[in-house]
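Undergrad:
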Ligand SMILES: Cc1ncc(COP(=O)(O)O)c(C=O)c1O
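Residue numbers (the numbering used here): 2 to 379.
#1: Any chance the region 123-139 sits against the region 80-91, with 3 or more Cβ pairs inside 8 Å?
#2: In chain order, what residues of the same chain lie with their CB nearer than 6 Å to the CB of residue 288, ignoring the 5 residues before and after it?
#3: Among the candidates 18, 7 and 11, whose CA atom is the shortest distance from the CA of residue 357?
#4: Since residue 355 is in the beta strand (DSSP E), which residue starts that stretch and which ends it?
#5: Helix, strand or coil: how does DSSP classify residue 263 here?
#6: Can the beta-carbon of residue 85 be found less than 8 Å from the beta-carbon of residue 255?
#7: When the Cα atoms are used, what is the spatial distance from residue 10 to residue 36?
#8: Does the Cβ-Cβ distance between residue 26 and residue 359 come in under 8 Å?
#9: Leaving aside the five residues before and after residue 160 along the sequence, list all residues of the same chain whose C-beta is less than 7 Å from its C-beta, in chain order.
#10: Just jot down, in chain order, the residues whose CB lies closer than 5 Å to any heavy atom of ligand 1.
#11: Which of the three DSSP states is assigned to residue 380 in this structure?
#12: Per DSSP, what kind of secondary structure is residue 362 in: helix, strand or coil?
#13: Apart from the five residues on each side of it in sequence, which residues of its chain come closer than 6 Å, Cβ to Cβ, to residue 146?
#14: In terms of alpha-carbon separation, which member of 74, 321, 64 and 316 lies closest to residue 294?
#15: If the criterion is Cβ atoms closer than 8 Å, does the pair residue 82 and residue 195 meet it?
#16: I need the straight-line Cα distance from residue 106 to residue 157, nearest angstrom please.
#17: Is it a yes or a no for the region 32-50 touching the region 221-229, going by three-plus beta-carbon pairs under 8 Å?
#18: For residue 56, does the three-state DSSP call read helix, strand or coil?
#19: Return the CA-CA distance between residue 257 and residue 265, expressed in angstroms with no decimal places.
#20: When the Cα atoms are used, what is the spatial distance from residue 108 to residue 297?
#21: Starting from residue 35 and walking both ways along the alpha helix (DSSP H), at which residues does that stretch end?
#22: Do the CB positions of residue 327 and residue 311 come within less than 8 Å of each other?
#23: According to the neighbour-count rule (16 or more other Cβ atoms, all chains shown, within 10 Å of its Cβ), is residue 51 buried or exposed?
#24: Helix, strand or coil for residue 222, going by three-state DSSP, please let me know.
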């Protein structure tokens, strides 16, 4: 089902064409309101009660789990994708001579931790690029008996190149490798079923396609890692933390499921209600419907940009929400600045122009984008 434009929910002036969700989503008005209400409560701390440390985080876990067909029990609260990747790197076994598979030009938050781990353990980073075959096929070719970890996205942040995570998950299980996913550039806009993919760890920052705040994210941890090592030891992650007066009766056991991996101060009284409001709206729209609607939008943009000589990955090789455009020759100098002067906002990664719309976009935005691009390329 296609969803009509939802511009009215966002604070975006009519003359701004913002097609840059891959950089950062704008916030919906009710999300802003939820954040303001949270700050208001912190201004009056007598309104914050014990349950507030638990209930909103638990709601967020349940909503995020629903979005990816996972279990609330498996969801931990994290401040950033890099934090979740650090948890994964602290837990997956990697031995001398083994390999960690990443993509060429993968987002650094899912690379540096693996480089450090590989150096510590005498393992090797294997970097996969297309080399004239679809990226997903190349990844499958590189996962083998030596692979300890495949650390991947669902689609690449530069150009949207899509990976077939179900096949990759199956291959990882076949060879005994751990699968660690950073789905920050897809969760909320591209359907993903963790019951089918079976990642060991999956992380997503909230501030892009989850339409949520900065400095918050979620991590789905498969049950086999629930006894694993946390990065920090917050009071609230320990069993019995609901009993504030008993907190100095230190305990070695944890809250159930993935909660042991929660970041300190996870019950952020302004950020968590924002995330909850945004996740509830995404679920109300339905990720499948969002994906279809954004696919229509980027298909239209791709077709019209082809007339300007710009090329994109075939639809089978990219998700509907993510369009990476390549220029026939050199990228025009000062392109982004020229677009911004016309209030058209996109981003470049490498030599790829990213067009990443959401439901806040209208046909008018696309018309402005095309005019501004044509003018910049003249
Ligand atoms: C694929 C991907 N992962 C993660 C992030 C954000 O990383 P972090 O939450 O570690 O700042 C981005 C931001 O552009 C991204 O594109």
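Even for Gly, the Cβ is constructed at its ideal location relative to N, Cα and C.
TA: Working from what's here:
#1: Cβ pair count under 8 Å is below three, so no.
#2: The residues are 192.
#3: Out of 18, 7 and 11, 18 has the C-alpha closest to the C-alpha of residue 357.
#4: Residue 355 -> beta strand (DSSP E) spans 353-356.
#5: Residue 263: coil per DSSP, three-state reduction.
#6: Against a cut-off of 8 Å, the Cβ pair of residue 255 and residue 85 comes out as no contact.
#7: About 15 Å.
#8: With contacts defined as CB atoms closer than 8 Å, residue 26 and residue 359 qualify as a contacting pair.
#9: Same-chain partners within the cutoff: 314, 325 and 353.
#10: Residues with a Cβ closer than 5 Å to any heavy atom of ligand 1, in chain order: 81, 82, 83, 108, 110, 158, 183, 185, 186 and 206.
#11: Shown here, the chain extends from 2 to 379; a query on residue 380 therefore has no answer.
#12: The three-state reading of DSSP puts residue 362 in coil, since its state is none of H, G, I, E or B.
#13: In its chain, beyond the 5 residues on either side, 176 have a beta carbon closer than 6 Å to the beta carbon of residue 146.
#14: Out of 74, 321, 64 and 316, 321 has the C-alpha closest to the C-alpha of residue 294.
#15: No.
#16: Between residue 106 and residue 157, the C-alpha separation is close to 8 Å.
#17: Contact fails: fewer than three Cβ-Cβ distances are below 8 Å.
#18: Three-state result, residue 56: helix.
#19: Whole-angstrom Cα-Cα distance: 16 Å.
#20: One C-alpha to the other measures close to 26 Å.
#21: Start and end: 30-44.
#22: Yes, the pair counts as a contact, with Cβ atoms nearer than the cut-off.
#23: It counts as exposed.
#24: It is a strand residue.
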